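This report concerns only the one structure given below.
Protein chains: 2
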Amino acid sequence: MIKVDLSGAKSFFKGENPDYEAAARAHETLVSGTGKGSDFRGWLELPSRMISGELPRIIETAEKIKSRSNALVVIGIGGSYLGARAAINLLKPVPDENDVKVFFLGNGLSPDYLCDTLKQIGDDDFDVNVISKSGTTLEPAVSFRIFRELLKKKYGDRAGEHIFATTDKERGALKSLANSEGWETFVVPDDVGGRYSVLSAVGLLPMAVAGIDVSKVISSAEKALKNMDLRSPENPVWQYAAARQHLYRIGYGTELLASFEPSFRFVGEWWKQLFGESEGKDGVGIFPASVEYTADLHSMGQFIQDGPRNLMETVVRFGSEAETYAVPFDEGNADGLNYLAGRDLGEIGKVVADAVRAAHVEGGVPNMVVEIPRRNEEGFAEMVIFFELACGISGYMSGVNPFNQPGVEAYKKNMFKMLGKPGT
Amino acid sequence: MIKVDLSGAKSFFKGENPDYEAAARAHETLVSGTGKGSDFRGWLELPSRMISGELPRIIETAEKIKSRSNALVVIGIGGSYLGARAAINLLKPVPDENDVKVFFLGNGLSPDYLCDTLKQIGDDDFDVNVISKSGTTLEPAVSFRIFRELLKKKYGDRAGEHIFATTDKERGALKSLANSEGWETFVVPDDVGGRYSVLSAVGLLPMAVAGIDVSKVISSAEKALKNMDLRSPENPVWQYAAARQHLYRIGYGTELLASFEPSFRFVGEWWKQLFGESEGKDGVGIFPASVEYTADLHSMGQFIQDGPRNLMETVVRFGSEAETYAVPFDEGNADGLNYLAGRDLGEIGKVVADAVRAAHVEGGVPNMVVEIPRRNEEGFAEMVIFFELACGISGYMSGVNPFNQPGVEAYKKNMFKMLGKPGT
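Residue numbers (my numbering), protein chains in the order written: chain A, 410 to 833; chain B, 410 to 833.
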C-alpha cells in the first residue's frame with residue numbers, strides 16, 4: 410500500500426503536529442455526507458458500481474475497437490480528458506506496435522493541433538469516444554461536429570457504429586442525439602464531478618482501448634478505498650492532507666508535485682486539476698505546480714533551492730521500475746563514472762532522489778514523499794484513490810466545498826456573449 | 410515585431426506606472442556589461458557569431474544526418490535540452506514522414522524512459538548529439554555511455570562517425586574524448602549560460618535535423634536584437650519586464666505563462682527555466698508556472714479565477730495559425746452550435762482568448778499579452794530574443810545576478826557523496 414514519508418517536513422512544522430483531529434472530522438464529514446457539495450461523492454463508490462455495472466461492457470467495447478481500428482479519438486476537456494491521458498501516459502507512454510493509438514481532441518480550439526492530429530490518423534480506421542455530460546461544452550462539441558463529418562465521409566451509413574458517447578444517463582443534448590442516432594452510450598455519473606471521474610467510463614474506456622487492464626485498476630481501487638478508510642493518523646491520506654494543510658497555514662502557499670518518471674507528466678496535470686479546482690476558491694488555496702526530476706533540477710532547481718521560501722514539495726516515488734539498465738564500464742573513464750559501472754540506473758535514481766530531498770530540506774523546502782509500490786495498474790489505482798481522498802479531506806479541512814467549481818463559469822459567460830450565441 | 414499589450418494589467422498598477430527608468434538603467438547595465446554576471450552576456454551576440462561561425466557546418470551536418478538516419482538522439486539536460494525541445498515541439502510538433510525523429514535522453518535517470526526510447530528507435534539508423542559543457546554531468550554522461558555502447562554494437566569501427574559532441578571549445582572531459590576519438594564537435598560558448606544557449610549549436614543542430622530552417626531563425630534573431638535595443642518605453646521588452654517587476658513588488662508572486670497552442674508546452678518549460686533560474690535566488694523571485702488554454706481553463710481555471718489573488722498571467726498569442734478549419738453546419742443542431750457554423754476555428758479561438766482575458770482581469774488577475782506574428786521560424790526567434798532580453802533586464806531590476814545558478818550545486822554535492830564518487 411501507499412506510504413507517506415513526512416520525515417522531510419517535520420522540521421518545518423514549528424513544534425506543532427499536523428491537525429489529525431481536524432483530518433478525522435473532515436474524513437467523517439466526507440464519508441457521512443454532511444459537508445458542502447455532498448451530492449458529489451459518488452466517486453467513493455465508483456469501483457464497486459463499475460464492477461456490477463458498466464465495466465464488462467467497457468471491456469467488450471474496447472475489444473471491438475481494438476479489433477477493427479488503429480486509432481481512438483477521445484473528445485473531451487478538463488475532467489473528461491485528463492484522467493485517461495494521465496493513466497495512458499503513465500502506464501503506456503509508448504504504445505506497442507499493435508496497440509490502438511489514442512488521440513485527445515476537443516480540449517482546445519487550435520486548428521493547427523487539429524490538423525496535426527488528422528495528419529497522424531491519416532487513412533487509419535478510427536473510432537470516436539465523445540465525453541461530455543451535456544454535449545454543449547464548446548470545445549468538445551466543435552470537435553465532435555468535425556469528427557462526425559469525417560466519420561460520415563469515411564464510413565457512410567455505418568458511421569454511427571464508430572461513435573461511443575460517454576454522457577448523462579438520460580438528459581442533455583448529447584444523450585438525446587445518441588438516442589436518436591442509435592450510438593452506444595456510457596454514463597457520466599450525476600454524483601461525480603469531472604475531476605473525480607477517471608474511474609468511471611469517462612476514464613476507463615480510453616484506458617481499456619489503450620491496452621490498460623481496467624479490471625485490475627478497478628479491483629485495486631476498490632481495495633484501496635477500504636484500506637484508506639482507516640480512521641487513524643496511520644492513514645497515509647490523513648498524513649498527506651494534514652501535513653499540507655498545516656504547511657499552508659504557516660505560509661507555504663505553493664505545492665510542487667514532483668516525480669522522477671517522464672511518464673508522470675500528465676498525472677501532474679490531473680493532480681493540478683484535482684487539487685487546484687477543489688481547493689482554489691474563496692480567495693484561498695494551495696497553488697499546485699508540477700515538476701519532472703531530474704530534468705527540472707537543471708531548470709526550476711535553482712528557484713526551488715534558493716527562491717522565496719513558500720514552496721512545499723510532494724515527491725511521488727515508485728518502488729521499483731519495470732526495467733533495469735546497468736551503467737556500462739568504460740575503459741578510458743574520461744567522464745569519471747566508472748565508480749557507477751555495473752550499478753542499475755533505477756538504483757542510482759533512488760540515491761539521487763534521496764540526495765535531492767536532503768538538499769531541498771536543507772534549503773528550506775518542506776518535503777513529503779508519497780511512495781507507490783509500482784508503476785502499474787494497481788499503483789495507478791491506489792494513487793488515484795489516495796489523492797482523491799486526500800483532496801476531499803484537505804478541502805474540508807480548509808473550509809471550502811471541494812466538489813464545486815463556480816469560477817469556471819466566468820470565462821464561459823463572456824465567451825458565449827462575445828461569440829454571439831443566441832440568447833446571451 | 411512582437412507587441413506587448415498591458416491593457417489588462419493597468420488597472421492593477423495602483424496608480425503608479427511600471428518603472429521605465431529602472432528598465433532603462435537595467436538595459437544599459439546589461440548592454441554595457443557593468444552588472445553582475447556580465448561575463449555571461451555572449452547570447453547578445455550569438456546570431457551574428459553563428460552566421461560568421463558554425464551555422465554553415467551545423468546545416469551541413471544536419472543534412473548528413475538527415476540523409477542517412479531516421480533518428481537523432483539528443484543527450485543533454487537543462488539548458489542543453491529545453492531550447493531544442495521547445496523549438497521542435499513548437500515548430501514541428503508532428504514530424505513529417507521523412508523527417509528525422511528527435512529523441513531527448515540524458516535528462517533524467519529513469520530506466521523505463523530509456524527502454525521506451527530504445528523501443529521507439531528500434532532498428533532504425535541513428536546519430537547521437539551529446540551536449541555537455543564538461544562531459545561529466547551525471548545524467549547525460551550516463552546516457553552517453555549507454556549510447557556509445559549501442560553505436561559500437563551497431564556500427565563497429567564507424568561508430569564515431571555517428572557522434573556529434575557539442576561541448577567546450579577546448580577543455581573538459583567530453584572535448585578531450587572527442588579529440589582523441591575524432592568526433593566532430595560544436596561549441597558551447599564560454600560566455601553563454603545553458604538557459605540562454607538555444608541559438609548556439611546547442612539548440613541549432615537538433616533543430617536543423619528536425620527540419621527547422623535555422624538560417625531563418627538566426628537571421629530573424631539578429632534582426633530582433635536590433636529592433637529590441639530600442640531605449641524607450643515603446644520597447645515591448647521594457648513593457649513586459651517593468652510590468653512584471655511592478656506587479657511582483659505589489660504582491661503578485663506567481664506568473665502564469667499561458668498559450669492557446671498545445672505545441673507551446675515545452676516553450677513553457679524553457680521559459681520556466683529561463684526566468685526561474687535567472688530570478689529565483691537570494692530568497693526572491695517570481696514563481697514561474699505554465700498553463701495550456703483552453704484545456705487548463707477546465708482544470709486550473711477555477712484556481713485562477715477564484716483562488717488567492719497573487720497570480721499574474723502572461724498570455725502568448727500568435728497572430729495567425731498555419732491552418733484554418735471551419736466549424737461544420739449541422740442540420741439537427743442538437744448542440745446548438747450552428748451560430749458558429751462556417752466560422753474558422755482560429756478566429757473563434759481569438760474571441761475566446763479575449764473572453765478569458767476579460768474574465769481573469771475581472772476576477773483579479775493582472776493580464777499581459779505577448780503577441781507574436783506567427784508560429785514559425787521568425788516568430789520563434791523573436792520570442793526567444795524577447796524573453797531573453799526581458800529576463801536579463803527584469804533580473805537586474807530585481808537586484809539579482811540573472812546569469813548564475815548557485816543553488817543548482819546543492820543537490821549535486823549530496824548526490825556525488827551519496828553515490829560514493831571518489832574524492833567526495
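Using N, Cα and C, we set each Cβ at its ideal position, and we do this for glycine too.
What you are looking at is a predicted structure, and each value in this text was computed from that prediction instead of being measured.
query: Indicate the three-state DSSP secondary structure (helix, strand or coil) for B/Met824 in the structure shown.; result: helix
query: I believe B/Phe606 touches B/Gly488 by the beta-carbon criterion, under 8 Å. Please report the beta-carbon distance rounded to the nearest angstrom.; result: The sequence shown places Ser at residue 606 of chain B, not Phe. That pair is a contact at about 5 Å.
query: Give the range of the beta strand (DSSP E) segment to which B/Leu481 is assigned.; result: Ala480 to Ile484
query: Kindly list the residues whose CB is nearer than 6 Å to the CB of A/Pro598, restricted to its own chain and excluding five residues on each side of it in sequence; keep chain order.; result: Gly451 and Ser609
query: Whose CA, out of B/Ile621, B/Leu683 and B/Asp534, lies closest to the CA of B/Asn810?; result: B/Leu683
query: State whether the segment 663-670 of chain A contacts the segment 692-699 of chain A, with contact taken as three or more CB pairs (one from each stretch) at a distance under 8 Å.; result: yes
query: With DSSP run on the structure shown, which of helix, strand or coil describes A/Ala617?; result: helix
query: What ranges does the beta strand (DSSP E) occupy inside the segment 489-535 of chain B, keeping only unbroken runs of at least 3 residues that lie completely in it?; result: 510-514
query: Can you list the residues of chain A that B/Tyr734 reaches, using a CB-CB cut of under 8 Å?; result: Pro520, Leu523, Cys524 and Ile555
query: Could you tell me if B/Pro502 is buried or exposed, where buried requires 16 or more neighbouring beta carbons within 10 angstroms of its beta carbon?; result: buried
query: CA-CA distance, A/Glu730 and B/Gly801?; result: 41 Å
query: Under 7 Å between beta-carbons, which chain B residues line up against A/Ala768? List them in chain order, please.; result: Ala819, Tyr820 and Asn823
query: State the CB to CB distance for the pair A/Ile411 and A/Phe795, rounded to an integer number of angstroms; the pair is presumed to be in contact (CB under 8 Å).; result: 5 Å
query: Got a sec: which bits of the segment 740-754 of chain A sit with their beta carbon under 8 Å from any beta carbon on chain B, in order along the chain?; result: Gly741, Ala743, Asp744, Gly745, Leu746, Tyr748, Leu749, Asp753 and Leu754
query: Taking buried to mean at least 16 other C-beta atoms within 10 Å of its own C-beta, is B/Ile659 buried or exposed?; result: exposed
query: What residues from chain B crowd round A/Asp532, counting only those whose CB sits closer than 8 Å?; result: Ordered by position in chain B, no residue passes the 8 Å Cβ test against A/Asp532, which lies about 13 Å from the chain.
query: Among B/Tyr820, B/Leu455, B/Gly829 and B/Leu514, whose alpha-carbon lies nearest the alpha-carbon of B/Lys635?; result: B/Leu455
query: What are the complete alpha helix (DSSP H) segments, minimum 4 residues, inside the segment 547-590 of chain B?; result: 547-564 and 582-590
query: So, does the CB of A/Met709 fall closer than 8 Å to a CB anywhere in chain B?; result: yes
query: What is the residue span of the alpha helix (DSSP H) that B/Pro456 lies within?; result: Leu455 to Ser461
query: When Cβ atoms are compared, which residues of the segment 497-522 of chain A fall closer than 8 Å to chain B?; result: Pro502, Val503, Asn516, Gly517, Leu518, Ser519, Pro520, Asp521 and Tyr522
query: Can you name the residues of chain A whose CB is closer than 7 Å to the CB of B/Asp763?; result: Met827
query: Leaving out five residues before and five after A/Leu828 in sequence, what residues of the same chain have Cβ atoms less than 6 Å from its Cβ?; result: none
query: Could I get the ranges of all uninterrupted beta strand (DSSP E) runs contained in the segment 705-781 of chain B, with 3 residues as the minimum, in chain order?; result: 720-729
query: Could you confirm whether any beta carbon from chain A is found closer than 8 Å to the beta carbon of B/Glu548?; result: yes
query: Would you please verify whether the beta carbon of A/Thr545 is less than 8 Å from any beta carbon of chain B?; result: yes
query: Taking A/Thr443 as part of the alpha helix (DSSP H), name the residues at either end of that continuous run.; result: Looking at the DSSP string, A/Thr443 is not in any alpha helix (DSSP H), and its letter there is neither H nor E.
query: Quick one: what does DSSP say A/Ala418 is sitting in, helix, strand or coil?; result: coil
query: Using a Cβ-Cβ cut-off of less than 9 Å, list which residues of the segment 675-687 of chain A approach chain B; keep chain order.; result: Glu678, Trp679, Lys681, Gln682, Leu683, Phe684, Gly685, Glu686 and Ser687
query: For a contact meaning CB atoms closer than 7 Å, what does B/Ala814 contact in chain A?; result: First, the amino acid is wrong: residue 814 of chain B is Gln here, not Ala. Gln711, listed in chain order.
query: Rounded to whole angstroms, what is the Cα-Cα separation between B/Arg567 and B/Thr470?; result: 16 Å
query: Take the Cβ of A/Glu472 as the centre, count every other Cβ of all protein chains shown within 10 Å, and call the residue buried at 16 or more, exposed below.; result: exposed
query: For B/Pro831, does the count of other Cβ atoms within 10 angstroms reach 16, so buried, or fall short, so exposed?; result: exposed
query: Starting from the beta carbon of B/Val693, find every residue of chain A whose beta carbon is closer than 8 Å, and list them in chain order.; result: Gly716 and Pro717
query: Does any residue of chain A bring its CB to less than 8 Å from the CB of B/Asp615?; result: Looking at the sequence itself, residue 615 of chain B is Pro, so the reference to Asp does not match. Not one chain A Cβ lies under 8 Å of B/Pro615.
query: Is the Cβ-Cβ distance between A/Leu523 and B/Tyr820 less than 8 Å?; result: no
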